[in-house]
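J.: I'd like to ask you about the structure that follows.
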Amino acid sequence: MNIFRLAGDMTHLASVLVLLLKIHTIKSCAGVSLKTQELYALVFATRYLDIFTDFISLYNTVMKLIFLGSSFSIVWYIRRHKIVRRSYDKDQDTFRHYFLVLPCLLLALVIHEKFTFREVMWAFSLYLEAVAILPQLVLLQRTRNIDNLTGQYVFLLGAYRALYILNWIYRYFTEPHFVHWITWIAGLVQTLLYADFFYYYFESWKNNVKLQLPA
Amino acid sequence: IEPTSEKDEL
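From first to last, the protein sequence lines are chains A and B.
Everything in the first sequence is counted per the numbering used here, starting at 3 for the first residue and increasing by one.
Everything in the second sequence is counted per the numbering used here, starting at 27 for the first residue and increasing by one.
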């Protein structure tokens, strides 16, 4: 474990907890894309298949349980909670996320580390995580209102992935055989997707104006 | 250094 990875995990934890707390306290999910949350729940479900078979560390297991629990809770709140679900604008959150799932699944069937169910699911979860934010970014551009919690959520998610890239660089130089091309490329693509959001986020923060994404 | 098992990242 290195400082970049710990910071990345804490930032990732903060992003899901910020969102869960927002939805739980103000009983509203305005501005939140259910599609992105469903994709993230799928990412964790396919990524953490080994949670009960491979014990790596207490930290690893606890964090996996938190990520699984929080992502499925957020989906439950938006779909089932009698008050929260009313604030979900489904006619704006129309990104056809199946168009993301299928290509990621096909890609995972072609490019993976080993052709086993676990490895294909693991590669699928990495490809899906790279694009899972798209419905949320599209929704932000459509509704143009970025309330600061949703903006923070996207910002923290981007920061977590950027910190992970530093972690991979650090591990590459400190651990002789640490090479995971699939993880690195998927992580880089994901971070680049956030790059333009970061630009507008910092611009609005610097000029102290409300964050406006170009249509 | 901890043994870098295959998938030790989240």
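Note that the Cβ used here is the ideal one computed from N, Cα and C, for glycine as well.
Under 8 angstroms by Cβ, that's how I've got Ser-72 of chain A and Leu-19 of chain A pegged, so tell me the actual separation to the nearest angstrom.
T.: Indeed, because the Cβ distance is near 7 angstroms, the residues count as touching under 8 angstroms.
J.: Report the option in A:Phe-180, A:Gly-189, A:Tyr-155, A:Tyr-129 whose CA atom is closest to the CA atom of Phe-200 of chain A.
T.: Comparing Cα positions, the closest option is A:Tyr-155.
J.: Whole angstroms are fine: how far does the CA of Phe-126 of chain A sit from the CA of Gly-33 of chain A?
T.: Distance between the alpha carbons of Gly-33 of chain A and Phe-126 of chain A is about 27 angstroms.
J.: Kindly give me the distance between the Cβ atoms of Gly-189 of chain A and Ile-167 of chain A, rounded to whole angstroms, as I take these residues to be in contact under 8 angstroms.
T.: Rounded, the Cβ-Cβ distance is 6 angstroms, consistent with contact.
J.: Does the stretch 175-190 of chain A come close enough to the stretch 115-132 of chain A that 3 or more CB-CB pairs lie under 8 angstroms?
T.: The answer is yes - the stretch 175-190 of chain A touches the stretch 115-132 of chain A, with three or more Cβ pairs under 8 angstroms.
J.: Work out the CA separation of Phe-74 of chain A and Gln-94 of chain A for me, nearest whole Å.
T.: Cα-Cα distance, rounded: 22 angstroms.
J.: Taking the C-alpha atoms as reference points, what is the distance between Ala-134 of chain A and Leu-41 of chain A?
T.: Cα to Cα, Ala-134 of chain A sits roughly 6 angstroms from Leu-41 of chain A.
J.: Are the C-beta of Ile-58 of chain A and some C-beta of chain B separated by less than 8 angstroms?
T.: Yes, its Cβ sits closer than 8 angstroms to a Cβ of chain B.
J.: Quick one: does Arg-7 of chain A have its CB under 8 angstroms from some CB of chain B?
T.: Output row for Arg-7 of chain A: interface = yes.
J.: What residues from chain B crowd round Asp-11 of chain A, counting only those whose CB sits closer than 7 angstroms?
T.: Those within 7 angstroms of Asp-11 of chain A in chain B are Leu-36.
J.: By Cβ distance below 7 angstroms, which residues in the same chain neighbour Tyr-203 of chain A in space, the five residues on each side in sequence not counted?
T.: Result list for Tyr-203 of chain A: Gly-153, Phe-157, Leu-213, in chain order.
J.: Check for me: the alpha helix (DSSP H) holding Pro-137 of chain A runs from which residue to which?
T.: Per DSSP, Pro-137 of chain A belongs to the alpha helix (DSSP H) from 136-145.
J.: Given a cut-off of 8 angstroms on the beta-carbon distance, is the pair Arg-49 of chain A and Trp-170 of chain A in contact?
T.: No, the Cβ-Cβ distance between Arg-49 of chain A and Trp-170 of chain A is not below 8 angstroms.
J.: Using CA coordinates, which residue listed in A:Glu-205, A:Arg-163, A:His-26 is at the minimum distance from Arg-87 of chain A?
T.: Ranking A:Glu-205, A:Arg-163, A:His-26 by Cα distance to Arg-87 of chain A puts A:His-26 first.
J.: Under a three-way DSSP split, which group does Ala-197 of chain A fall into?
T.: Note: Ala-197 of chain A maps to helix in three-state DSSP.
J.: Compute the Euclidean distance between the alpha carbons of Glu-28 of chain B and Asp-56 of chain A, then round it to the nearest angstrom.
T.: Only weak support exists for where Glu-28 of chain B lies, its pLDDT of 47 falling under 50; the value from the coordinates is given anyway. Distance between the alpha carbons of Glu-28 of chain B and Asp-56 of chain A is about 16 angstroms.
J.: Would you say Met-65 of chain A faces chain B, with C-beta separation under 8 angstroms as the test?
T.: Yes, its Cβ sits closer than 8 angstroms to a Cβ of chain B.
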